[in-house]
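Each residue of the sequence shown is one higher than the one before, starting from 5 at the first, in the working numbering.
Just so it is clear, CB atoms sit at the ideal spot from N, CA and C, and this is done for glycine as well.
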Amino acid sequence: MNLTVLLPFRVFVEITAVTRIVAETPDGAFGLLPRRLDGVAALAPGILIYETEAEGEVYLAVDGGILVKTGAEVLVSVRRAIRGTDLGQLRATVEREFLILDEREQEMRAVMAKLESGFLHRFVSLQHD
């Protein structure tokens with residue numbers, strides 16, 4: 005398989021001859037082998053593992069995104085990714101950076117929704133006056 009990991013503004017990695025991929029979804033982890041059927045999966049923040057004969061297992065901490073498998077091509081599009089060799093350290097990075105940022109984004113979206121709602125209510129009341 006060929007694995008390409010895309011970030012919003014660049015290609016993070018392009019790997020050929022991948023023998024196995026393990027990814028995490030909101031419903032749990034799943035594996036991909038070269039002859040697996042094509043499909044799409046939403047990815048949760050977590051560890052993506054890929055294996056090649058040359059490198060062995062390689063670990064990537066990835067933020068939420070999507071994985072698409074078509075034939076021998078596997079495309080992963082995520083907001084952020086970090087490559088590492090220490091699985092424990094990468095897991096801590098996911099918990100510390102990716103999950104905390106998601107909480108902040110949710111708080112920011114809630115504040116923005118309140119501001120938009122307040123603006124719309126005032127705008128409507130001005131039109132009726």
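Since residue i and residue j are thought to touch, with beta carbons under 8 Å apart, how far apart are those beta carbons, to the nearest angstrom?
{"i": "I53", "j": "I25", "result": "7 Å"}
{"i": "A85", "j": "V9", "result": "6 Å"}
{"i": "M5", "j": "V115", "result": "About 42 Å; that fails the 8 Å criterion."}
So, for residue i: in the same chain, excluding its five sequence neighbours on each side, which residues have a beta-carbon less than 6 Å away from its beta-carbon?
{"i": "V82", "result": "V66, D67 and G69"}
{"i": "F16", "result": "V9 and A85"}
{"i": "G4", "result": "The chain is shown from 5 up to 133; residue 4 falls before or after that span and cannot be answered."}
{"i": "T74", "result": "D42"}
{"i": "E55", "result": "T23, R24 and E61"}
Under 8 Å Cβ to Cβ from residue i, same chain only, skipping five residues before and after it: list those, please.
{"i": "T29", "result": "A45, A46, L47 and A48"}
What residue does the alpha helix (DSSP H) around residue i start on, and which one ends it?
{"i": "R40", "result": "R40 -> no alpha helix (DSSP H), and no H or E assigned at all."}
So what does residue i bridge to, in DSSP terms?
{"i": "L11", "result": "R14"}
{"i": "L130", "result": "The partner list for L130 (beta bridge, DSSP) is empty, contrary to what the question assumes."}
{"i": "R83", "result": "DSSP, once it has assigned bridges, lists no residue as partnering R83."}
{"i": "A27", "result": "F34"}
Would you call the CB atoms of residue i and residue j closer than 7 Å?
{"i": "L98", "j": "G50", "result": "For clarity, residue 98 is Val in the given sequence; the question names Leu instead. Against a cut-off of 7 Å, the Cβ pair of G50 and V98 comes out as a contact."}
{"i": "L7", "j": "I19", "result": "yes"}
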